[in-house]
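The structure appears below as C-alpha cells.
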C-alpha cells in the first residue's frame with residue numbers, strides 16, 4: 012500500500028485512545044525539556060563524573076552488543092532452523108531475562124560469577140575478579156539485552172524461511188557458504204534491528220548493573236546509575252544527563268531507521 | 004544407468020523407485036499430493052527417507068535404514084543434484100548474473116571464471132539482457148529462465164525440475180518450455196509435472212505416481228497413447244475401461260463390456276484395458292439403431308469447454324461434442340444419457 016493512502020477507513024474513535032497513548036509517551040519527554048537549566052546545561056554534562064559515566068556507558072553497551080551478536084546469532088539459528096527435544100523449554104529459558112526484573116538478574120549473576128558464585132572460585136583461581144568490575148557491567152548488560160537480539164533475529168529467520176537455503180545447498184554451497192552468502196544477507200535488517208534494540212537495552216540497564224557491578228565512578232557507574240545518584244544531590248545535573256540519554260537513544264534509533272532496520 | 008533411487012517415507016505413505024539413464028529425461032506425472040515433490044526432496048537430500056538407497060554415476064548418495072548396511076548420507080551440497088522449483092527462488096539480494104554465478108562461486112571457482120560461466124548460461128536461456136537486474140525487477144517468466152540458468156551453471160550431474168512451469172502465465176509458459184526442451188536435451192533430468200504437454204515435449208520416459216506409489220512407467224509416446232492408469236488417461240484426455248478380456252472386449256468390474264481391437268495377443272481372462280478418445284464417443288438421449296457398437300448408460304457430472312468443443316464428463320468416461328449438440332440434446336449435469344463408441348475406435352491392450 013502506498014504511503015498516505017488507506018484502502019479501508021479506521022473507526023473514528025480509534026484516534027482518541029491513540030492520541031492519549033502518544034501523549035503519554037511524549038509528555039514526560041517534554042517535561043524533562045521544561046526542567047533543564049539551559050544556561051548550565053553544557054557545564055553539567057561535561058563534569059568529570061558525567062563524562063566518565065557517558066563514556067563508560069557507550070563503551071560497555073558497545074561491547075555488550077557485540078557479545079549479543081556473537082552469541083545471539085548462533086542461538087537464533089539453532090532455535091529457528093533445527094528441532095530438538097526440549098526446544099520450547101530452551102526458547103522460554105533464553106527469553107526469560109525479558110520478563111525477569113533486572114535486579115533478580117543481577118542477583119543471579121552475582122551467585123554465578125561473584126566470589127561466592129558457582130563459577131566464582133574458578134575465576135578466582137585464574138586471578139580474575141568479575142563482580143564489581145567493568146566486566147560485570149558488560150555481563151549484566153549482555154544478560155538483559157541478549158533476548159532482544161535472539162527474538163528479532165529468530166523472527167527474521169522464520170520469515171525468510173529455509174527455501175532459499177535449500178536451493179543454495181543444491182547449487183553446491185556448503186552450510187557455511189549458505190550462511191554467509193544467503194542467510195545473513197536475507198536477515199540483515201532483522202539482525203541490525205535486533206542489535207539496535209540490544210544496544211538500547213544495554214544503554215538503559217540499571218537494576219542488574221547496580222546489583223552485580225556496584226557503582227564505582229569510571230569503573231561500573233554507567234549513565235543511568237549516575238543519573239540516579241545525582242538525583243539525590245543535584246537534581247539539575249540528573250535532568251541534564253537524562254536529556255543526554257534521551258538524545259543518545261534518539262540518535263541510535265535514527266541511525267537504525269536510516270538503514271531501514273526498524 | 005546413471006541414477007537410481009528407491010526410498011520409503013512411511014509418514015507420507017511414500018514408497019517409490021526410479022531410474023534415469025545417461026542423458027535421459029524422466030517425467031514424473033501424478034495428481035497433487037501423490038508424492039512427486041517428496042521424491043524430489045529425497046533425491047536432493049532435503050528430506051531423509053526412513054529407508055532407501057540412491058546412487059548417481061556409481062556413487063552412493065544415501066543408504067539408510069537398512070539393517071546390516073553401513074549408513075551413508077551425502078549432504079545436498081555434495082550430491083551434484085540441482086533443484087529447480089516451481090517458484091524461481093532467486094536470491095533477492097543478488098543480481099541475475101550473481102545468482103547464476105552462485106553455483107560456480109560456491110564450489111570455489113574464481114570470480115572472473117564464474118561470471119563468464121554465468122554469462123554463458125544466461126545466453127543459453129535467452130536472458131543475457133537481464134544480467135544486471137535484481138530479481139524484484141524481473142517478470143515471472145524471466146525469473147524462471149534465470150533460475151534454469153542458475154541450476155545449469157552449477158553443472159549438476161542430475162537436474163531436478165519440480166513443476167517448473169506451473170507458476171508461470173499461460174502466455175509465457177510455452178516459450179520457457181521450448182527453452183527447457185533445448186537445454187534438457189542430452190541431460191540427465193527428472194521433471195515433476197501434472198501437465199501432459201511437459202511430459203510429451205520434455206521427457207523420454209514417464210513415471211506415473213499415485214498415493215506415493217508408482218502405478219505406471221514407460222516411454223512417453225507409448226504411455227500417453229495407451230495409458231493404463233486413471234490419472235494418465237485423464238490428463239492424456241483418453242477414456243479407459245479396465246477389466247478382464249472377454250472375447251473381443253473388456254469386461255469392466257460393473258459388468259459393462261467394451262468391444263474393441265486388441266493391439267497385441269491377449270488371452271481371455273487376462274487383465275486388459277480398453278482405451279478410446281472422447282472425440283470418438285457419440286452422445287444420445289435414446290438408444291440408437293444401426294451397426295453394432297458399444298452402448299453405455301451414464302449420468303453427466305460436468306460440462307466444460309474443451310477447445311472449440313464441450314467435454315461431457317461422467318464419473319468415469321468423457322465425450323467431446325459441439326455446443327450445438329449440447330443445446331439440442333439439452334445436456335446438463337445430472338442428465339442420464341447414452342454414450343456410444345464404435346469397436347474400431349477402441350484399442351485394447353494388456354494391463
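Protein chains in written order, with my numbering: chain A, 12 to 273; chain B, 4 to 354.
By construction, the Cβ of each residue, glycine as well, lies at the ideal position given by its N, Cα and C atoms.
Item: Where the region 164-186 of chain A meets chain B: residues whose CB sits under 8 Å from a CB there; Value: 174, 175, 177, 178, 179, 180, 181, 182, 183, 184, 185 and 186
Item: Contacts of residue 193 of chain A in chain B (Cβ-Cβ under 7 Å); Value: 94
Item: Proximal chain A residues relative to residue 106 of chain B, where beta-carbon distance stays under 7 Å; Value: 182 and 183
Item: Own chain residues within Cβ distance below 6 Å of residue 82 of chain B, not counting five before or after; Value: 48 and 64
Item: Inter-residue Cα distance where the pair is residue 7 of chain A and residue 128 of chain A; Value: Because chain A is modelled from 12 through 273, residue 7 of chain A falls outside the range shown and cannot be assessed.
Item: Where residue 111 of chain B falls, given that 16 or more other Cβ within 10 Å makes a residue buried; Value: exposed
Item: Residue environment, residue 39 of chain B, which counts as buried when at least 16 other CB atoms sit within 10 Å; Value: buried
Item: With 16 other Cβ atoms within 10 Å as the buried cut-off, status of residue 6 of chain A; Value: This structure cannot speak to residue 6 of chain A, because chain A is shown only from 12 to 273.
Item: Any C-beta of chain B under 8 Å from that of residue 200 of chain A; Value: no
Item: Alpha carbon of residue 12 of chain A to alpha carbon of residue 43 of chain B, nearest angstrom; Value: Its pLDDT being 41, under 50, residue 12 of chain A is placed unreliably by the model, and the measurement read from it follows with that caveat. Cα to Cα, the separation comes out at about 37 Å.
Item: Residue of B/264, B/303 and B/336 minimising C-alpha distance to residue 347 of chain B; Value: B/264
Item: Amino acids of chain B, ordered along the chain, whose beta-carbon sits closer than 8 Å to that of residue 93 of chain A; Value: None at all; the shortest Cβ gap to chain B is about 14 Å.
Item: Anticipated Cβ contact below 8 Å, residue 171 of chain A with residue 197 of chain A, distance rounded; Value: 4 Å
Item: Closest Cα partner of residue 145 of chain B within the set B/202, B/118 and B/103; Value: B/103
Item: Interface partners of residue 196 of chain A on chain B, CB under 9 Å; Value: 94, 95, 96 and 97
Item: The beta strand (DSSP E) enclosing residue 143 of chain B, as first and last residue numbers; Value: Segment 143-156 is the alpha helix (DSSP H) holding residue 143 of chain B; no beta strand (DSSP E) there.
Item: Any C-beta of chain A under 8 Å from that of residue 79 of chain B; Value: yes
Item: For residue 117 of chain A, the first and last residue of its enclosing alpha helix (DSSP H); Value: 113-124
Item: Beta-carbon separation (whole angstroms), residue 286 of chain B vs residue 322 of chain B, contact threshold 8 Å; Value: 5 Å
Item: Rounded straight-line distance, which links the Cα of residue 150 of chain A to that of residue 75 of chain A; Value: 7 Å
Item: Proximity to residue 237 of chain A [Cα-Cα], best of A/64, A/177 and A/30; Value: A/64
Item: Closer than 9 Å at the beta carbon, the chain A residues around residue 69 of chain B; Value: Under the 9 Å cutoff, chain A gives no residues; its nearest Cβ is about 25 Å from residue 69 of chain B.
Item: CB contact below 8 Å: residue 29 of chain B versus chain A; Value: no
Item: Contact with chain B by residue 13 of chain A, beta-carbon distance below 8 Å; Value: Because residue 13 of chain A sits at a pLDDT of 46, beneath the cut-off of 50, its placement in the model cannot be relied upon, and the point is left open.
Item: Interface flag, residue 188 of chain A vs chain B, CB-CB below 8 Å; Value: yes
Item: Spatial neighbours of residue 302 of chain B in its chain, beta-carbon cut-off 8 Å, leaving aside the 5 residues before and after; Value: 317, 318, 337, 338, 339 and 340
Item: Residue closest to residue 173 of chain A, alpha-carbon to alpha-carbon, out of A/246, A/239 and A/92; Value: A/92
Item: Sheet register partners of residue 274 of chain B (DSSP bridge); Value: B/247
Item: Beta-carbon proximity of residue 84 of chain A to residue 214 of chain A, cut-off 8 Å; Value: no
Item: Rounded straight-line distance, which links the Cα of residue 291 of chain B to that of residue 256 of chain B; Value: 25 Å
Item: For residue 255 of chain A and residue 265 of chain A, the rounded distance between their alpha carbons; Value: 15 Å
Item: Nearest neighbour of residue 77 of chain A, chosen from A/100, A/132, A/188 and A/208 [CA to CA]; Value: A/208
Item: is_contact[residue 3 of chain B, chain A] using C-beta, thresh 8 Å; Value: The first residue shown for chain B is 4 and the last is 354, placing residue 3 of chain B beyond what the model contains.
Item: Segments of 4+ residues assigned as alpha helix (DSSP H) that fall wholly inside the region 167-224 of chain A; Value: 174-181, 186-189, 195-215 and 218-223
Item: Proximity of residue 86 of chain B and residue 181 of chain A at Cβ, strictly below 8 Å; Value: yes
Item: Beta strand (DSSP E) segment containing residue 311 of chain B, residue limits; Value: Careful: residue 311 of chain B lies outside any beta strand (DSSP E) and carries neither H nor E.
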